[in-house]
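Asker:
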DNA sequence: TATTGTATTTTATACGTTTAAAAAATCAAA
DNA sequence: TTTGATTTTTTAAACGTATAAAATACAATA
């Protein structure tokens, strides 16, 4: 039996008072608005009795605020993003905000749609991992004074706040570590996509390699096929054909996943001969021999900073301070990067 | 400069027509409502020109529908759930629905809050991995004719639809496979939580073990600590103290993660001596030697069936057919479960 | 010319809240 | 017993949309 949910009006009628009074009590403004103690008590009792739940859609229409934030990432099932998302979710809930997650697949069109869609839905703020080419929509949001914080990548041309990590240093440091461990022919496997953070990682790799007097050896995998067989074939071919490679630095966690699988398929013993570092850490890297070294992003700190900036924007819509954070990651050295 | 978003009224005024006409054209009901071709064209041109975006909050208030679904799981950063979530997200977007993800942490209180919260927000449907003790809230939703589909676990007392897998068979089959591979002392590591799917897995394990004339050897880890050191200590202690164990069957993916790490920490060679099967597959299981056998849930099929049932409910609010699906998983045998 | 029908467009209201402004009630002082 | 001040409560409008019902315009028919 579907019973209509009671509205403020129903309550007002039942108690023979006005909706205004009920609304004031509901929002804890009873005292402030000088509603008499007895009436407040009466209304509160009734609200509790019928277990009243306000219609938040109506409230949003009236107030213009939804208390909903959006967290738009490349792929929410990527553990790096889902971990950050999980923390953001927790912080938001504690502050009485909800979070919508969604995956852009790094596709501009899809991201544009999503941004408009959520903007139409009046969400209060956006945390976005921006795909290349999305500048216009971000500007649009900024112009409309919608709180936006970029994550994982910045857009240099834009005056948007962001929280990213120092990709150049991370990659350089990781590469340097391999060099220090005695590897001489270090390959870099990355994604063929025009994204600033990938460029930075590549640049960091190249910087370290060239400083050491080696020459770069880079394999670029098409983005959209990173998960499917054809790209695995590319990786395998690359590894097999460059016989002299003694170490590999994977530019992202999903590449190291694919890559490790490839290495294993080529020869189960091969992993013991290669130096390996992955950009992005994983739980699984400590589960087998050799344990896998990784450049770990400060997931917790990232999420916390993102939310700090976001709440700041939500509170002081006007005098928002510009917050552009570049955090440092940590190189976690494990067995895979020691000299074999 | 924050410009007020144009409303139907603004458009109507600009064109000197009524909001009704604009609304009809906007919703593609122009012809049906016999608006003249010229006027339709004029309105459409104007809509496009000012790049009009309707206020979906207002629309929701008016229509009572938000075109938002909620996907509530134990932990959205658990890859099993985030994978299913990802597919659900895709299917929903294709059908012009959005999805809210959230994590219940298996906590009744939190889940109750979430359910009410989203119900107040008028979401159109719920897909829920129900924690124990949540019967009342689910009933509440059902009584109010809110579309609900349970996932991963059913609630036997409730007439709610669900999509689950045959946990008993999966566990039995997995255990049987270890037995067939010649293991004689197979331990089962599970979570100490009163959940039907965990009971089923345990029962499946016990059934296979007893049929073979062996005796069960079960370790139960407290739920909320499954990720933290103390539970790892428990697992390590258990493995070390039962010297005669020759195989371990992990009841969930996060347990196999912890467990494999423990095994590695005890002795890097140990994994080569133990038979291992994990309930739930993972990308990482093919990356090292030995590759790890797993009982894989049909992630794709689950997500598709869930959405099929959900859309069915959303369309025919009245004559909803009862849909209770028990899907079968697949045992993926890899090196870890072959006789050593 | 009056009537009917058809095609087109508008008026008016509702959804459930919030809140400024107005009104009513109460009380104290003159 | 009127006046003014204060306290308490209500009226009324607004947010932006959708739609039933009414209204208008126009042509065709009797």
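Protein chains in written order, with the UniProt record's numbering: chain Y, 1 to 340; chain L, 1 to 340.
Here a beta-carbon is modelled for each residue, glycine too, at the ideal position from N, C-alpha and C.
Owing to the predicted nature of the structure, the values given are computational and were not obtained by experimental measurement.
Below 8 Å CB to CB, which residues in the same chain sit around residue 326 of chain Y once its five sequence neighbours on both sides are set aside?
Answerer: 164, 165 and 166
Asker: Tell me the DSSP secondary structure of residue 221 of chain L in three-state form.
Answerer: strand
Asker: So for residue 194 of chain L, helix, strand or coil by DSSP?
Answerer: coil
Asker: Would you tell me roughly how many angstroms separate the C-alpha atoms of residue 88 of chain L and residue 148 of chain Y, rounded to the nearest one?
Answerer: 26 Å
Asker: Keeping to the same chain, check which residues put their C-beta closer than 7 Å to that of residue 75 of chain Y; ignore five residues upstream and five downstream.
Answerer: 81, 103 and 105
Asker: Using beta carbons (cut-off 7 Å, strictly below), is residue 57 of chain Y in contact with chain L?
Answerer: Interface residue, yes.
Asker: Below 8 Å, can you find three or more Cβ-Cβ pairs linking the stretch 281-288 of chain L to the stretch 279-299 of chain Y?
Answerer: yes
Asker: Going by the beta-carbon positions, is the gap between residue 207 of chain Y and residue 172 of chain Y smaller than 7 Å?
Answerer: yes
Asker: Can you round the beta-carbon distance between residue 336 of chain L and residue 263 of chain L to whole angstroms, since I take them to be within the 8 Å contact cut?
Answerer: That belief does not hold up - the Cβ atoms of residue 336 of chain L and residue 263 of chain L are roughly 10 Å apart, past 8 Å.
Asker: Alpha carbon to alpha carbon, how far is residue 84 of chain L from residue 201 of chain Y? Give it in angstroms, no decimals.
Answerer: 31 Å
Asker: Have a look at residue 51 of chain Y and residue 152 of chain L and give me their C-alpha separation to the nearest angstrom.
Answerer: 30 Å
Asker: Could you tell me the alpha carbon to alpha carbon distance between residue 230 of chain L and residue 252 of chain L, rounded to whole angstroms?
Answerer: Taking the straight line joining both Cα atoms gives about 18 Å.
Asker: I'd like the list of long-range same chain contacts for residue 86 of chain Y, defined as Cβ closer than 6 Å, with 5 residues on each side in sequence excluded.
Answerer: none
Asker: Compare the C-beta of residue 350 of chain L against all C-beta atoms of chain Y and say whether one is closer than 7 Å.
Answerer: Outside the displayed span of chain L (1 to 340) sits residue 350 of chain L, for which this structure offers no information.
Asker: In whole angstroms, what is the alpha-carbon distance linking residue 261 of chain Y and residue 261 of chain L?
Answerer: 19 Å
Asker: For the pair the stretch 172-185 of chain L and the stretch 243-257 of chain L, tell me if three or more CB-CB distances fall below 8 Å.
Answerer: Enough Cβ pairs lie closer than 8 Å, so yes.
Asker: What residue range does the alpha helix (DSSP H) around residue 98 of chain L cover?
Answerer: Careful: residue 98 of chain L lies outside any alpha helix (DSSP H), inside the beta strand (DSSP E) at 98-103.
Asker: Is residue 170 of chain L helix, strand or coil by DSSP?
Answerer: helix
Asker: From Y:169, Y:168, Y:160 and Y:218, pick the residue whose C-alpha is nearest to that of residue 187 of chain Y; which is it?
Answerer: Among Y:169, Y:168, Y:160 and Y:218, the Cα nearest to that of residue 187 of chain Y belongs to Y:218.
Asker: Please return the same chain residues whose Cβ sits closer than 8 Å to the Cβ of residue 280 of chain L, not counting the five positions on each side in sequence.
Answerer: 80, 252, 253, 256, 294, 295, 296 and 297
Asker: DSSP on residue 72 of chain L, reduced to helix/strand/coil?
Answerer: strand
Asker: Along the stretch 241-261 of chain L, what residues have a CB closer than 8 Å to any CB found in chain Y?
Answerer: 257, 260 and 261
Asker: So, at 8 Å on beta carbons, what are the nonlocal neighbours of residue 159 of chain L in its own chain, with the 5 sequence-adjacent residues on each side left out?
Answerer: 142 and 322
Asker: I'd like the ranges of any alpha helix (DSSP H) spanning at least 4 consecutive residues and lying wholly in the stretch 44-72 of chain Y.
Answerer: 56-63
Asker: With distances taken from CA atoms, which of L:5, L:117, L:216 and L:25 is nearest residue 54 of chain Y?
Answerer: The shortest C-alpha separation from residue 54 of chain Y is found at L:117.
Asker: On the premise that residue 307 of chain L lies in contact with residue 91 of chain L, defined as a C-beta separation below 8 Å, what is that separation, rounded to the nearest angstrom?
Answerer: That belief holds up - the Cβ atoms of residue 91 of chain L and residue 307 of chain L are roughly 4 Å apart, short of 8 Å.
Asker: Rounded to whole angstroms, what is the Cα-Cα separation between residue 5 of chain Y and residue 233 of chain Y?
Answerer: 58 Å
Asker: Just to confirm, are residue 35 of chain Y and residue 22 of chain Y a CB contact at a threshold of 7 Å?
Answerer: no
Asker: Quick one: grab the DSSP three-state call for residue 333 of chain Y.
Answerer: Here residue 333 of chain Y sits in coil by DSSP.
Asker: Is it buried or exposed for residue 111 of chain L, if we count other Cβ within 10 angstroms and need 16 for buried?
Answerer: buried
Asker: If we cut at 7 Å on Cβ distances, does residue 27 of chain L have a partner in chain Y?
Answerer: no
Asker: Please name the residue or residues paired with residue 150 of chain Y in a DSSP beta bridge.
Answerer: Y:128 and Y:162
Asker: The alpha helix (DSSP H) with residue 184 of chain L in it runs from where to where?
Answerer: No alpha helix (DSSP H) contains residue 184 of chain L, which DSSP labels as neither H nor E.
Asker: Taking all protein chains shown into account, decide if residue 78 of chain L is buried (16 or more other Cβ within 10 angstroms of its Cβ) or exposed.
Answerer: buried
Asker: Kindly list the residues whose CB is nearer than 7 Å to the CB of residue 96 of chain Y, restricted to its own chain and excluding five residues on each side of it in sequence; keep chain order.
Answerer: 67
Asker: Where do the N-terminal and C-terminal ends of the alpha helix (DSSP H) with residue 115 of chain Y fall, by residue?
Answerer: 108-120
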